[in-house]
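> Please find one structure pasted underneath; my questions will follow.
In the working numbering, the protein residues as written are 338 to 683.
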């Protein structure tokens, strides 16, 4: 699921950046990071505060310090490196599952969006000076990220799978594949309908196949991550060209689209609740686990309805990048303060 998310994220965000380069000849970093701030940080802060409270309530005092630092690292979107270090630290073997472990994927995503927009700024300058075609130059730029990242992912997964799972260099290629799909969107639109239908269904089969065959024993990400990554890319490429006969007809089912709209909040909320419930009542099993996930829809919907969307679409934040970035910094400080409070309570 996370690998699918990386490809979709790379596709969506790169599409926005490319249109900005083509229309304005540049990338506004302030505007880009302001959009990221109002989209991600308010909900993140609320969940981190709630997670600190759940941690205080559900786990032993011994773990407060560890999880407090995890919360601080999550607020700064660097928790994946902290988890990578802990994965090979024998002194941390007795530490339970972190209630913010799921933030590792968001950390990887945001670290990618520090590098990729900066690279596009450089490419935009090059395009202005040379008048080269924009999309081929951008494609070359992202391929220069994808290839070494994938090679390193295969190598590092084989030699150190515990750390390879979390660290950013082994995952950049997955976001890069999504970015490459966005760059070539004009080409994919010309696909014959029959070819698009076959490609779309083949992509869905790859993703589903990975879901049934990848186990906890599979070294990840490595070359096996090609299954969900290539499958997702194929479905996006098929896109609208396949029409309702392709997988888009199934994936546009209204309840699935509704869950998709709620997916960010749902992702943030489900894991802390699962960890807290496990700490209180022991191993949950499938039925109780599903009940906890079902319950997480309630705070996810409330967060989306009353925090995410009102801030995301507020006119004041749409007009002022400095105001939005300041708001984001304040929410980041709130999330970090929640973790620091846990540490000080020890």
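Each residue gets a CB set at the ideal place from its N, CA and C atoms; glycine is no exception. This one's a predicted model, so the numbers in the text were calculated from it and none came from an experiment.
Using three-state DSSP, classify residue 620 as helix, strand or coil.
Coil, per DSSP.
> Put residue 405 into one of helix, strand or coil per three-state DSSP.
In this structure, residue 405 counts as helix in the three-state DSSP scheme.
> On a Cα-Cα basis, can you pick out the residue from 511, 366, 612 that is closest to residue 564?
The option with the nearest alpha carbon to residue 564 is 511.
> Please report how far the alpha carbon of residue 539 lies from the alpha carbon of residue 459, in whole angstroms.
Their Cα atoms are separated by approximately 36 Å.
> Helix, strand or coil: how does DSSP classify residue 360 here?
In this structure, residue 360 counts as helix in the three-state DSSP scheme.
> Residue 372 by DSSP, collapsed to three states: which one?
Looking at residue 372 - three-state DSSP - the assignment turns out to be helix.
> Does DSSP classify residue 492 as helix, strand or coil?
Of the three classes helix, strand and coil, the one that applies to residue 492 here is helix, per DSSP.
> In the DSSP assignment, the alpha helix (DSSP H) including residue 641 goes from what residue to what residue?
Unbroken run through residue 641: none, as it is neither H nor E.
> Give the C-beta separation of residue 406 and residue 680 to the nearest angstrom, bearing in mind that I take them to be a contact with Cβ-Cβ under 8 Å.
The pair is a contact, with the Cβ atoms about 7 Å apart (cut-off 8 Å).
> Distance check for residue 411 and residue 402, CA to CA, integer angstroms please.
Roughly 14 Å separates the two Cα atoms.
> Which class does residue 433 belong to by DSSP, given the choice of helix, strand or coil?
Reduced to three states, the DSSP call for residue 433 is coil.
> Please state whether DSSP places residue 338 in a helix, a strand or coil.
In this structure, residue 338 counts as coil in the three-state DSSP scheme.
> When you compare the CB positions of residue 609 and residue 379, do they come within less than 7 Å of one another, or not?
No.
> Given a cut-off of 7 Å on the beta-carbon distance, is the pair residue 522 and residue 461 in contact?
No, the Cβ-Cβ distance between residue 522 and residue 461 is not below 7 Å.
> What is the DSSP secondary structure of residue 441, counted as helix, strand or coil?
DSSP places residue 441 in helix when its eight states are reduced to three.
> I'd like to know whether the C-beta atoms of residue 569 and residue 339 end up nearer to each other than 7 Å.
No.
> Name the two residues that bound the continuous alpha helix (DSSP H) containing residue 508.
Taken as a continuous stretch (DSSP letters only), residue 508 belongs to no alpha helix (DSSP H), as it is neither H nor E.
> Who are the Cβ neighbours of residue 677 in its own chain at under 8 Å, not counting the five residues just before and after it?
If we look at residue 677 and ignore the five residues flanking it on each side, its Cβ neighbours are 405, 409.
> Relative to the C-alpha of residue 343, which candidate in 366, 470, 518 has its C-alpha closest?
Answer by Cα proximity: 518.
> Can you list, in chain order, the residues of its chain with a C-beta nearer than 7 Å to that of residue 428? Leave out the 5 residues immediately preceding and following it.
The predicted model places residue 428 with a pLDDT of 48, which falls under 50 and marks its position as unreliable; any figure quoted below should be read in that light. Excluding residues within five positions, none has a Cβ falling inside 7 Å.
> Could you tell me which of 356, 669, 623 sits nearest to residue 414, measuring between CA atoms?
The option with the nearest alpha carbon to residue 414 is 669.
> Which value, in whole angstroms, describes the spacing of the CA atoms of residue 616 and residue 387?
Using only the alpha carbons, I get a separation of about 16 Å.
> Report the rounded CA-to-CA distance for residue 654 versus residue 534, giving the unit in angstroms.
One C-alpha to the other measures close to 41 Å.
> Can you check which of these residues, 585, 529, 371, is closest to residue 451 by C-alpha distance?
Answer by Cα proximity: 371.
> Can you list, in chain order, the residues of its chain with a C-beta nearer than 7 Å to that of residue 444? Leave out the 5 residues immediately preceding and following it.
Counting only Cβ-Cβ distances below 7 Å, and skipping sequence neighbours, we find 414, 415, 416, 417.
> Quick check: the stretch 619-635 against the stretch 575-588, are there 3 or more CB pairs under 8 Å?
With a cut-off of 8 Å, the stretch 575-588 and the stretch 619-635 do not count as touching, because too few Cβ pairs lie within range.
> Using the three-state DSSP reduction, which class does residue 585 fall into: helix, strand or coil?
Residue 585 falls in the helix class under three-state DSSP.
> Between residue 366 and residue 625, what straight-line distance do the alpha-carbon atoms span, to the nearest angstrom?
Taking the straight line from one Cα to the other gives about 45 Å.
> How long is the line joining the alpha carbons of residue 691 and residue 647, rounded to whole angstroms?
There is simply no residue 691 to check, as the chain begins at 338 and stops at 683 in what is shown.
> Under three-state DSSP, which class holds residue 417?
Three-state result, residue 417: helix.
> Is the stretch 593-602 close to the stretch 638-646, with three or more CB pairs under 8 Å?
These segments touch.
> Excluding five sequence neighbours on each side, which residues of the same chain lie with their C-beta closer than 7 Å to the C-beta of residue 513?
Hits under 7 Å: 347, 479, 482, 483, 486.
> Along the chain, where does the alpha helix (DSSP H) containing residue 661 start, and where does it finish?
Start and end: 658-682.
> Is residue 559 helix, strand or coil by DSSP?
Here residue 559 sits in coil by DSSP.
> Would residue 557 and residue 503 be called neighbours here (beta carbons separated by less than 7 Å)?
No. Outside cutoff.
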